[in-house]
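Some notes on the structure that comes next.
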Amino acid sequence: MTELAIEVHDLRVAYGDHVAVDGADLTVARGELVALLGTNGAGKTTMLETIEGHRRADAGSVRVLGLDPGRERLRLLGRVGVMLQESGFSGELTTWETADLWRSLRRRGGDADAVLERLELAHRRDVPVKQLSGGERRRLDLAIAILGEPEVLFLDEPTTGLDPQSRRRTWEVVGGLVENGTAVLLTTHYLEEAEALASRIAILDRGRIARRGTMAELVAGIAATIVFQLPAGAPALPPLTAQVTTGHGDDVVAETTEPQQDLRTLLDWADAHRLRLARLRVRDGSLEDVFERVAHEQEVAA
Amino acid sequence: MTGLDAMTVSGTLALARSELRLLWRNRLVAATALLLPPLMALGLSRSSDSFGDGGWGAVVGLQILTMLMFAVYAAATTAVAARRGELVLKRLRTSELPEWAVLGGMLAPLVGLAVVQALLSAAMVVAFGAPMPQRPELLLLAVLGGALMCCAAALLTTRITASAEQAQVTTMPLFFIALAGAIWTISVPSDEVTPLMLAVPGSAIAELARIAWNGGGDPLPAIAMIVVWTAVAGELAKRLFRWEPRA
Ligand SMILES: Nc1ncnc2c1ncn2[C@@H]1O[C@H](COP(=O)(O)OP(=O)(O)OP(=O)(O)O)[C@@H](O)[C@H]1O
Ligand SMILES: [Mg+2]
């Protein structure tokens, strides 16, 4: 049995009468990364900051490493690393001075130079923070969050604004920590980030967890999509198991749970009629589809 | 919960050091800190006879209070509002320092600077012809206690201060109340000072400094008032303080 690092049960957080988190459950085991997804305003940051102990829960229970972050915040902080969605460092301090300050604000401080090296900031070490680019500052923020290799790591949109290369680098660093046993709770708007890093995913929708599970569980039952364009004057399509609709422009969109069979039927039919299917694409069910469904259910409910 | 261990001490000192570095890098603040005491000493020493029987003690008392209001009260309100606006405070709260240590480390350089400025300006006043203070230990107590009271008041004032710029406005009321109270207090001899005069926040700082310099009068009521106001402002600040701009 794996030990749970984070346990959230029936969490509720409100700002005045606006309920931002409304009865959410969540667990993260040691050595596991869970991604929390959701549209803008879904309540991800609120949920994270409450689990970190920065906000008070209005109801429900939160345990991090067996402690209550609301009451035992200070005891917990030494074992937890935090990267806020938005946060600040004094612009007049250099990158190294900032990392060195933070090293002395942690008991297991680690090595400021090593952590800058790890996030490819070594060459910016003597530059004032205010002169760093947005992405560099984000990496400095992550460097500080992982100082001393915390047991639990909270990352609120860690790669927003990063170039693709820095994003991969960040994934490597975070992945390495998870391998060493760190429990990570991460939010992101990049679905491929969740796919690449998370062993489990939770989708938050208006303060409630609308979906949860492994990637495979989430996309199970989600149809694959075949998209193509028909030449002008083509005969009627053969019978397919797919649901056929029209997409953008001249696209024909066929959603199917039997992509292999439908594709064969379609291609045989095209050959027989000597047709060329322009821009033919096949895509497996993806997290994006799950996301769209949640958003769609939201519209229907509203 | 508020464990005081080696890391808390060294962490607070590291934070204070980096804040001092920031003060130093902000040329305007550094220049003001260096120039304010001699300028004020010069200005006030010219008017040393205009405070009636208060003599030099009254001059020094008013000078120290004005300096603390500028260099600690207004400066601390501005600094904390600025750091909160930049989300530096919110970030620091995720460190392992207890909340009081984060704020303490941030404000310590201002307090230290104020003590140095006060000593400098006291030396200047002497250089301009004043006698030596009768009870220097009380003078130090007035400066230190006054600085702590100003810190507590500043933390409370940040509650209604949305930005660093706003601090200029939000610190105004206490600024004038304190100065008015002090002028009222030192306008009478020390043995005629009433409890009401001393109860005006800030005036006890000036009165304690006057007693320290002139030697006459009972310092205990003034000390008690400084302690009371520090405790009241500190307790209120503890309850009302905000760590980030959004509620
Ligand atoms: N301090 C606050 N005061 C009032 N309302 C707030 C506050 N913080 C957040 N909210 C509201 O609570 C809801 C959830 O906000 P939250 O920041 O948790 O969303 P999020 O999922 O992190 O969004 P994003 O993807 O944009 O970061 C939003 O409707 C937001 O307007
Ligand atoms: Mg957010």
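Chains as they are written, first to last, in the numbering used here: chain G, 218 to 519; chain V, 56 to 302.
Ideal Cβ placement from N, Cα and C applies to all residues, glycine included.
First through last residue of the alpha helix (DSSP H) which encompasses Ala178 of chain V: Stepping through the second sequence from its first residue, residue 178 of chain V is reached at position 123. 154–182 is the extent of the alpha helix (DSSP H) around Ala178 of chain V.
Alpha-carbon to alpha-carbon, Leu275 of chain V and Ala316 of chain G: Working through the first sequence from its first residue, we reach residue 316 of chain G at position 99. Working through the second sequence from its first residue, we reach residue 275 of chain V at position 220. Answer to the nearest angstrom: the Cα atoms are 46 Å apart.
Glu151 of chain V beta carbon less than 9 Å from that of Arg324 of chain G: In the first sequence, the residue the question calls residue 324 of chain G occupies position 107. In the second sequence, the residue the question calls residue 151 of chain V occupies position 96. Yes, the pair counts as a contact, with Cβ atoms nearer than the cut-off.
Distance, Val461 of chain G Cα to Arg510 of chain G Cα: Along the first sequence, read from residue 1 onward, the residue named residue 510 of chain G stands at position 293. Along the first sequence, read from residue 1 onward, the residue named residue 461 of chain G stands at position 244. Approximately 18 Å, taken between the alpha carbons.
Residues of its chain near Gly160 of chain V, where Cβ-Cβ distance is below 6 Å and the 5 sequence neighbours each way are ignored: Sequence index remark: in the second sequence, residue 160 of chain V carries index 105 (1-based). Cβ neighbours of Gly160 of chain V beyond the five flanking positions: Thr67, Leu70, Ala71.
Proximity of Leu402 of chain G and Val391 of chain G at Cβ, strictly below 9 Å: Locating residue 402 of chain G in the first sequence gives position 185, counting from the first residue. Locating residue 391 of chain G in the first sequence gives position 174, counting from the first residue. Their beta carbons are not under 9 Å apart, which means Leu402 of chain G does not touch Val391 of chain G by this criterion.
Glu249 of chain G versus Met432 of chain G: straight-line alpha-carbon distance, rounded: The residue labelled residue 249 of chain G in the question sits at position 32 within the first sequence. The residue labelled residue 432 of chain G in the question sits at position 215 within the first sequence. Their backbone Cα atoms lie some 14 Å apart in a straight line.
Environment of ligand 2 in chain order, Cβ to heavy atom below 7 Å: G:Lys261, G:Thr262, G:Gln302, G:Asp373, G:Glu374, G:Thr404
Bridge partner(s) assigned by DSSP for Ser278 of chain G: Numbered from its first residue, the first sequence carries residue 278 of chain G at position 61. Beta-bridge pairing links Ser278 of chain G to G:His226.
Beta carbon proximity, Arg148 of chain V to chain G, threshold 9 Å: Here residue 148 of chain V is taken as the residue at index 93 of the second sequence, counted from 1. Taking Cβ atoms only, chain G reaches closer than 9 Å to Arg148 of chain V, which makes this a yes.
Short Cβ contact (9 Å threshold) for Thr63 of chain V with Arg139 of chain V: In the second sequence, residue 63 of chain V corresponds to position 8, counting from 1. In the second sequence, residue 139 of chain V corresponds to position 84, counting from 1. Not a contact, by the Cβ cut-off of 9 Å.
Length-filtered (4 minimum) alpha helix (DSSP H) runs lying within the segment 346–418 of chain G: 351–362, 381–396, 408–414
Met264 of chain G beta carbon near ligand 1 (any heavy atom closer than 8 Å): Here residue 264 of chain G refers to the residue found at position 47 of the first sequence. Yes - ligand 1 has a heavy atom lying nearer than 8 Å to the Cβ of Met264 of chain G.
Reference Arg498 of chain G, options G:Thr482, G:Leu504, G:Gln446, closest by Cα: As a working mapping, residue 498 of chain G is identified with position 281 in the first sequence. Nearest option by C-alpha distance: G:Gln446.
Residues within the segment 343–366 of chain G neighbouring chain A, beta-carbon criterion of under 7 Å: The chain labelled as chain A is not found among the protein chains of the depicted structure, namely G and V.
One or two residues paired with Asp479 of chain G in a DSSP bridge: On the first sequence, residue 479 of chain G is found 262 positions in, with the first residue counted as 1. Its beta-bridge partners do not exist; DSSP assigns none.
Chain V within 9 Å of Leu370 of chain G, Cβ atoms only: As a working mapping, residue 370 of chain G is identified with position 153 in the first sequence. Answer no: the Cβ-Cβ gap between Leu370 of chain G and chain V never drops below 9 Å.
Close beta carbons around Thr263 of chain G, own chain, < 6 Å, minus the five adjacent residues each side: Taking the first residue of the first sequence as position 1, residue 263 of chain G is located at position 46. Same-chain partners within the cutoff: Val230, Ala237, Val238.
Local Cβ density within 10 Å of Leu144 of chain V, reported as buried at 16 or more and exposed below that: The residue given as residue 144 of chain V occupies position 89 in the second sequence. With 16 or more Cβ atoms within 10 Å of its Cβ, Leu144 of chain V is classed as buried.
Partners in chain V for Trp319 of chain G, counting only beta-carbon separations shorter than 8 Å: For the purposes of this step, residue 319 of chain G is taken as the residue at position 102 of the first sequence. Going along chain V in sequence order, the residues near Trp319 of chain G (Cβ under 8 Å) are Ser150.
Within-9 Å CB hit, Thr193 of chain V to chain G: Translated into positions along the second sequence, residue 193 of chain V becomes position 138. First, the residue type needs correcting, since residue 193 of chain V is Leu and not Thr in the sequence shown. Not closer than 9 Å to any Cβ of chain G, the Cβ of Leu193 of chain V fails to qualify, so no.
Distance cut-off 8 Å: Ala512 of chain G Cβ against heavy atoms of ligand 1: The residue given as residue 512 of chain G occupies position 295 in the first sequence. Not under cutoff, so the answer is no.
Whole-angstrom C-beta distance between Val281 of chain G and Val369 of chain G, which should lie under 8 Å: Reading the first sequence from its first residue, position 152 is the one you call residue 369 of chain G. Reading the first sequence from its first residue, position 64 is the one you call residue 281 of chain G. Contact flag correct, Cβ pair sits at about 6 Å.
Beta carbon proximity, Pro153 of chain V to chain G, threshold 9 Å: Your numbering for residue 153 of chain V matches position 98 in the second sequence. For Pro153 of chain V, the answer is yes, since a Cβ of chain G falls inside 9 Å of its Cβ.
Heavy atom of ligand 1 within 8 Å of Thr474 of chain G beta-carbon: For the purposes of this step, residue 474 of chain G is taken as residue 257 along the first sequence, with counting starting at 1. Outside the cutoff, so no.
Span of the beta strand (DSSP E) around Arg429 of chain G: Within the first sequence, residue 429 of chain G is the residue found at index 212, counting from 1. Per DSSP, Arg429 of chain G belongs to the beta strand (DSSP E) from 425–430.
Delimiting residues of the beta strand (DSSP E) encompassing His235 of chain G: Position 18 of the first sequence, counted from the start, is the residue given in the question as residue 235 of chain G. First-last of the beta strand (DSSP E) with His235 of chain G: 235–246.
Residue of V:Ala169, V:Arg146, V:Asp60 minimising C-alpha distance to Gly200 of chain V: One-based indexing of the second sequence puts residue 200 of chain V at position 145. Ranking the options by Cα distance to Gly200 of chain V, first place goes to V:Ala169.
Interface residues of chain V facing Arg324 of chain G [CB-CB closer than 8 Å]: Counting from 1 along the first sequence, the entry for residue 324 of chain G is found at position 107. Ordered by position in chain V, the residues that pass the 8 Å Cβ test against Arg324 of chain G are Met62, Glu151.
Three-way DSSP call (helix, strand, coil) for Phe125 of chain V in this model: By 1-based counting over the second sequence, the position of residue 125 of chain V is 70. DSSP places Phe125 of chain V in helix when its eight states are reduced to three.
Interface flag, Gly295 of chain G vs chain V, CB-CB below 9 Å: As a working mapping, residue 295 of chain G is identified with position 78 in the first sequence. It does: the Cβ of Gly295 of chain G has a partner Cβ on chain V nearer than 9 Å.
Proximity test, Arg72 of chain V beta-carbon vs ligand 1 heavy atom, cut-off 8 Å: For the purposes of this step, residue 72 of chain V is taken as residue 17 along the second sequence, with counting starting at 1. No, the beta carbon of Arg72 of chain V sits no closer than 8 Å to any heavy atom of ligand 1.
Residue from V:Thr216, V:Ile241, V:Cys206 with nearest C-alpha to Ile281 of chain V: Position 226 of the second sequence, counted from the first residue, corresponds to residue 281 of chain V. Of the listed residues, the one whose Cα sits closest to Ile281 of chain V is V:Cys206.
Chain-order list of residues whose beta-carbon lies under 7 Å from that of Arg320 of chain G (same chain, five-residue window excluded): Working through the first sequence from its first residue, we reach residue 320 of chain G at position 103. These residues qualify, in order along the chain: Gly326, Gly327, Ala329, Leu364.
Cβ-Cβ separation, Ile418 of chain G to Gly255 of chain G (assumed contact under 8 Å), whole Å: Here residue 255 of chain G refers to the residue found at position 38 when the first sequence is read from its first residue. Here residue 418 of chain G refers to the residue found at position 201 when the first sequence is read from its first residue. In fact, because the Cβ distance is near 11 Å, the residues do not count as touching under 8 Å.
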